[in-house]
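In the working numbering, the protein residues as written are 7 to 366.
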């Protein structure tokens, strides 16, 4: 997900000042759009079965700072994303097969004491001279191997439609608004920010910058209630690029809709955009084959927005959770949370009023 070719590392090396640490209370009484799918995958990967608790902690962090979040669900992905989706499926299948082989080999080792090549290979690839070896077999730390297999097992999470339904139920109980995008959720979040319907997009995906979202909040820490803010105009100023040039840079680095040009990374792409002005000029002035970028179509995917849901033009603020339903929900889902602390996080003495629809 996001812009490829180590784009985030390129930005940190080239213009580190665009990464601004802030306290999230700077967005108190403002609305922030969040792509649920991205955080669903993140929480599943990091927290495993505790992913619902992670969502509750995220929302609680925002609400105790009077930030009003709105979650956006994915609709239909464009055909151009099929290549990326196929690549992800292929990667998953390879990870499944690799884990199966390691588990079988470790099981055989426990029965026979014979260390298979795949076990010795994974150990040698990760070997450190400073590693203190425990119980050994042919110079291999089998306890380390066992932990490595468990780590790989935890990385093979799955996200089901039922998971999203459970998340919807949680949002309903917490009185947090949510909508389904006609297409990509990240695109809808960015469109809402560009249109002024929300004040920022919260994401871990650099695609937000390619879409041109004015404010991008990332790396949220729910313990300290801090995050990193990236302002789109500051990115353009720091890189000395126009909006069109920046999008071309993102496309050259590779996106979910297109691969990058082989052997052309972020720094090389940036140098060429600065020198020539954009992909069209690079194609006409150099021998570089840009056809793999499909850049004219990809430009459209990142710039043509349409908010089709009229309800989005009147996004409600978050309300007060139904704590009776919340207690039932956490019991059914076997979530360990402090309900009294959540009451304090979600309940405030300040009331926010919105203009009524029939007011003249």
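Glycine is no exception: its CB is placed at the ideal position from the N, C-alpha and C atoms.
Outcome for residue i when other beta-carbon atoms lying within 10 angstroms are tallied against a minimum of 16
i, result
"residue 296", "buried"
"residue 233", "buried"
"residue 137", "Below a pLDDT of 50, predicted positions are generally treated as unreliable, and residue 137, at 45, falls in that range; the measurement from the model is reported next regardless. Its Cβ having fewer than 16 others within 10 Å, residue 137 is exposed."
"residue 102", "exposed"
"residue 162", "exposed"
"residue 212", "buried"
"residue 280", "exposed"
"residue 140", "Note that residue 140 scores a pLDDT of 44, beneath 50, so its modelled location is shaky; the value from the coordinates is reported in the next line. The residue is exposed, with fewer than 16 neighbouring Cβ atoms inside 10 Å."
"residue 268", "exposed"
"residue 239", "exposed"
"residue 262", "buried"
"residue 135", "The predicted model places residue 135 with a pLDDT of 48, which falls under 50 and marks its position as unreliable, so this point remains unresolved."
"residue 17", "buried"
"residue 284", "buried"
"residue 52", "exposed"
"residue 145", "exposed"
"residue 55", "exposed"
"residue 183", "buried"
"residue 106", "exposed"
"residue 216", "buried"
"residue 35", "exposed"
Supposed close pair residue i, residue j - CB separation, criterion 8 Å
i, j, result
"residue 248", "residue 242", "7 Å"
"residue 10", "residue 259", "5 Å"
"residue 78", "residue 42", "7 Å"
"residue 83", "residue 198", "Contact doesn't hold; Cβ gap of about 19 Å is too wide."
"residue 23", "residue 244", "7 Å"
"residue 67", "residue 250", "Actually they are not in contact, since the Cβ atoms of residue 67 and residue 250 sit about 36 Å apart, beyond 8 Å."
Extent of the continuous beta strand (DSSP E) run through residue i
i, result
"residue 40", "37-41"
DSSP beta-bridge partners of residue i
i, result
"residue 26", "235"
"residue 208", "40 and 223"
First and last residue of the uninterrupted alpha helix (DSSP H) at residue i
i, result
"residue 76", "Not the alpha helix (DSSP H): residue 76 falls in the beta strand (DSSP E), residues 74-79."
"residue 185", "Here residue 185 belongs to no alpha helix (DSSP H); instead the beta strand (DSSP E) covers 184-186."
"residue 66", "57-69"
"residue 165", "Element bounds for residue 165: n/a, residue is neither H nor E."
"residue 319", "Note, residue 319: premise wrong, no alpha helix (DSSP H); not H, not E."
"residue 6", "Any property of residue 6 remains undetermined from this structure, which presents the chain solely from 7 to 366."
"residue 344", "Segment: none, residue 344 is in no alpha helix (DSSP H) and carries neither H nor E."
"residue 129", "123-131"
"residue 10", "Here residue 10 belongs to no alpha helix (DSSP H), and DSSP marks it neither H nor E."
Check: residue i C-beta below 7 Å from any heavy atom of the ligand GDP
i, result
"residue 42", "In terms of ligand content, the structure shown is empty, and the ligand GDP therefore cannot be addressed."
- Unbroken alpha helix (DSSP H) runs of length 4 or more, entirely within the region 214-288: which are they? As for any alpha helix (DSSP H) of minimum length 4 sitting wholly inside the region 214-288, the runs are 238-245, 249-259 and 272-282, ordered along the chain.
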